[in-house]
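Visitor: Okay, handing you the structure first.
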Amino acid sequence: GDIPHTKRSSTLKAFSEDQSGILLATDVAARGLNFPSLDWIVQYDPPCETKDYVHRAGRSARAGQAGHALLFLLPSERQYIEVLQLRGLNDISALSLSATLTTASGLCPGITQEGEAKARGNTFSDGSGEAFTTAVQTRLEETVQQDDVDYKASIEEKFKGDPKQRRKAKKQAVGPLLEGARKAFSAFVRAYPAKEKAVKHIFNARALHLGHIARSLALKDAPKMVSKASSNNDEEGKGNKMSGEKRKSRLAFNSSNSKKEDDDDDAMDVEGEENERYMSLLGDALEEQRDRKSPSAKKKKTEGGGADTRKRMMEAAKMMQQGLEYM
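At position 32 of the sequence shown the residue is numbered 23 (this note's numbering), and the sequence of numbers has no breaks.
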């Protein structure tokens, strides 16, 4: 969604003209796109709204041509198939994971042998399919780790003549693949419970195995460490942005003006606290008035209570009015 329009248009054009290819896309590509002879739609995650599944799958099998749609579901999400069938999608069949992996291992014998060699004599319960997946998982994790090492090495080389800047940059440096995987993990965990109300009971965040989610994104870190690293990167980015804005302000104005701006900020904070106090006072008065109107509160009503409430409301309103005049 954040890709510039010109680049997006050129990417779609190139994909349409190629004889074969794979296009990775978000829900931005779920509607309004027409690709000739598109064979497969692979959905790694179910959409937030079930109606979008039809739009996603509808990118294939257009103009009377054949097409297929594949949807990945966790064991805890199997009930989603019933939801799709209630929407009229009855031609749905489950694929055997074991048979699929066995077929893949036969197509890539070198990777399968690599997995069997790393097992060090241990036999896999699922035969060659499990050996194949083990090798693929190891390759992905090693690729992400090596990319991080190479990126930090390039940072060290870039700031070779400045030890202080090199230490600072290297401390904050994270390889592009590792950073992307961490962001994807955080985004997945946040988006998972954001399904429509009708299927929220199926996509229960408590049923997720966060360790497996992290491994599926080629992350070897524990989920807690992944989330912590992602939040630290976000906070550092915000801190750098604020520091840059403050630095620009210092350059644009002299020190006296900068001091005046700091004083103004402090004054605004004080005014904000005062306004919150006034709003709290007014809220308490209104709450007390509502309590006095309720049947249970009438028994506890004391003489002069109504006048006292009105007095407090008038006082709060007057204080707010005075505060607004000086803002």
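Cβ coordinates follow ideal geometry from the N, Cα and C atoms, glycine included.
Excluding five sequence neighbours on each side, which residues of the same chain lie with their C-beta closer than 6 Å to the C-beta of Ile(-6)?
Guide: Position 3 of the sequence shown, counted from the first residue, corresponds to residue -6. Taken in chain order, the list of residues that qualify is empty.
Visitor: Pairing CB atoms from the stretch 61 to 76 with CB atoms from the stretch 101 to 109, are three or more of them under 8 Å?
Guide: No, they do not touch.
Visitor: Which of the three DSSP states, helix, strand or coil, is assigned to Leu199?
Guide: If you number the sequence shown from 1, residue 199 lands on position 208. Coil.
Visitor: Have a look at His203, Leu77 and Ala126 and flag the residue whose alpha-carbon is nearest the alpha-carbon of Val190.
Guide: As a first step, residue 190 is located in the sequence shown; it is residue number 199 there, counting from the start. For Val190, the nearest C-alpha among the options comes from Leu77.
Visitor: Can you name, in chain order, every residue of its own chain whose Cβ lies under 8 Å from the Cβ of Gln128, other than the five neighbours on each side?
Guide: Start at 1 with the first residue of the sequence shown, and residue 128 comes out as number 137. If we look at Gln128 and ignore the five residues flanking it on each side, its Cβ neighbours are Arg206 and Ala209.
Visitor: When you compare only the Cα positions, how much space is there between Leu29 and Thr103?
Guide: Taking the sequence shown and counting its residues from 1, one reaches residue 29 at position 38. Taking the sequence shown and counting its residues from 1, one reaches residue 103 at position 112. Approximately 30 Å between the Cα atoms of the pair.
Visitor: In this structure, how does DSSP classify His210 when only helix, strand and coil are distinguished?
Guide: What you label residue 210 is simply residue 219 of the sequence shown in a count that begins at 1. The sequence given here places Leu at residue 210; His does not occur at that position. Here Leu210 sits in coil by DSSP.
Visitor: Within the continuous alpha helix (DSSP H) that includes Leu77, where are the two ends?
Guide: Within the sequence shown, numbered from 1, the residue matching residue 77 stands at position 86. Tyr71 to Leu77 is the extent of the alpha helix (DSSP H) around Leu77.
Visitor: Since Ile32 is in the beta strand (DSSP E), which residue starts that stretch and which ends it?
Guide: Locating residue 32 in the sequence shown gives position 41, where the first residue counts as 1. Its beta strand (DSSP E) spans residues Trp31 to Gln34.
Visitor: On the three-state DSSP scale, how would you describe Asp257?
Guide: By 1-based counting over the sequence shown, the position of residue 257 is 266. Residue placement at Asp257 is flagged as unreliable, the pLDDT there being 44, under the threshold of 50; the coordinate-derived value follows with that caveat. Residue state, collapsed to three classes: helix.
Visitor: Lys151 and Ala164 - do their beta-carbons sit closer together than 8 Å?
Guide: Here the question's residue 164 lines up with position 173 in the sequence shown. Here the question's residue 151 lines up with position 160 in the sequence shown. Contact: no.
Visitor: What runs of the alpha helix (DSSP H), each 4 residues or longer, lie entirely inside the stretch -6 to 66?
Guide: For the stretch -6 to 66, whole alpha helix (DSSP H) runs of length 4 or above, ordered along the chain, are -4 to 8 and 42 to 48.
Visitor: Residues in the same chain with beta-carbon distance under 6 Å from Ala196, minus the five sequence neighbours each way, listed in chain order, please.
Guide: Residue 196 sits at position 205 when you count from the first residue of the sequence shown. Closer than 6 Å at Cβ, skipping near neighbours: Tyr183 and Pro184.
Visitor: Identify whether Ile204 lies in helix, strand or coil by the three-state DSSP scheme.
Guide: Residue numbering aside, residue 204 sits at position 213 when the sequence shown is read from its first letter. Three-state DSSP puts Ile204 in a helix.
Visitor: In this structure, does DSSP put Val165 in helix, strand or coil?
Guide: By one-based count along the sequence shown, residue 165 stands at place 174. If DSSP states are grouped into helix, strand and coil, Val165 belongs with coil.
Visitor: Assess contact between the stretch 20 to 37 and the stretch 57 to 66, defined as three or more Cβ pairs (one per stretch) separated by less than 8 Å. Is contact present?
Guide: The answer is yes - the stretch 57 to 66 touches the stretch 20 to 37, with three or more Cβ pairs under 8 Å.
Visitor: Let me know the secondary structure DSSP gives Ala160 once reduced to three states.
Guide: Taking the first residue of the sequence shown as position 1, residue 160 is located at position 169. Helix at Ala160.
Visitor: Please report the residue range of the alpha helix (DSSP H) in which Asp322 lies.
Guide: Because the chain is modelled from -8 through 318, residue 322 falls outside the range shown and cannot be assessed.
Visitor: DSSP on Gly152, reduced to helix/strand/coil?
Guide: By one-based count along the sequence shown, residue 152 stands at place 161. Three-state DSSP puts Gly152 in coil, outside helix and strand.
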